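For reference, the structure is listed below as structure tokens.
Residue numbers (the working numbering): 31 to 268.
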């Protein structure tokens, strides 16, 4: 899993994202209005209709502290997402909390147990201190993502500050311990090829891209000039 594209619920980015060759498309439910969210969910559902190939389908719900996660899962789980992306993760307990919710929703929707994976996003100084608890938190864990821009903003730091670089390295080590890929959120200013080179050198396995990126250039840059299909998301039930 090298390339994830975060797609807003509203807007016209779906076609470009779907044809980009990214490993997974991530529907962002952090939309300003209910109508926008409903529009995004309808597009997400259509993406999975009759699907035999194509990118994996992820959904980024709102953080646990928002109090809206149950409502988000109510509307997306019937459409069988491959994974749920959880922002603002502060510790492995957050991962376990979401994993328990997913088990209930899978049963309600007639899905196989552990069919839905989980991607944890570390994007705050609070989350930094819980990184070490992510390995072993859940067999559903498919990746750990580090959002340096949001992390630095919350900490009042420059994204290139030593403390942010330390957090990046800690995420890479935690992902290695969990035997899952570490991914970095790409910024909108630096060329993707340069970001990927730097991230790969640090030990990150891939990037999460915004839909506003030039995906026709960005995705092949990450995959060495080749478009890729969805990564395997098999999960242990043990």
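The beta-carbon is built from N, C-alpha and C at its ideal position, and this holds for glycine as well.
Quantities reported herein were computed from a predicted structural model and do not represent experimental measurements.
Legend entry - Segment contact, 8 Å Cβ cut-off, at least three pairs: the region 58–71 with the region 246–255: no
Inset, instruction - Report the residue from 200, 165, 156 whose alpha carbon sits nearest the alpha carbon of residue 210. - result: 165
Legend entry - Selection from 40, 233, 221 that minimises the alpha carbon distance to residue 250: 221
Inset, instruction - Would you mind stating whether residue 248 and residue 239 have Cβ atoms separated by less than 7 Å? - result: yes
Legend entry - Which of helix, strand or coil DSSP assigns to residue 243: coil
Inset, instruction - Assign residue 123 to one of two classes, buried (16 or more other C-beta atoms within 10 Å of its C-beta) or exposed (fewer than that). - result: exposed
Legend entry - Sequence-distant residues of the same chain with beta carbon closer than 6 Å to residue 73, five excluded per side: 44
Legend entry - Same chain only: Cβ atoms within 8 Å of residue 194, ignoring 5 sequence neighbours per side: 178, 181, 182, 185, 187, 188
Legend entry - Runs of alpha helix (DSSP H) lying entirely within the region 196–235, each at least 4 residues, in chain order: 222–232
Inset, instruction - With residue 114 as the anchor, note down where its beta strand (DSSP E) starts and where it stops. - result: 113–116
Inset, instruction - State the Cα-Cα distance for the pair residue 245 and residue 138, rounded to the nearest angstrom. - result: 36 Å
Inset, instruction - Just the C-alpha distance for residue 259 and residue 78, rounded to the nearest angstrom, thanks. - result: For residue 259, the predicted structure reports a pLDDT of 47, less than 50, and the residue's modelled location is therefore unreliable. A value from the coordinates is still provided. The straight-line gap from Cα to Cα measures roughly 15 Å.
Legend entry - alpha helix (DSSP H) segment containing residue 155, residue limits: 155–158
Inset, instruction - Return helix, strand or coil for residue 171, following the three-state DSSP convention. - result: strand
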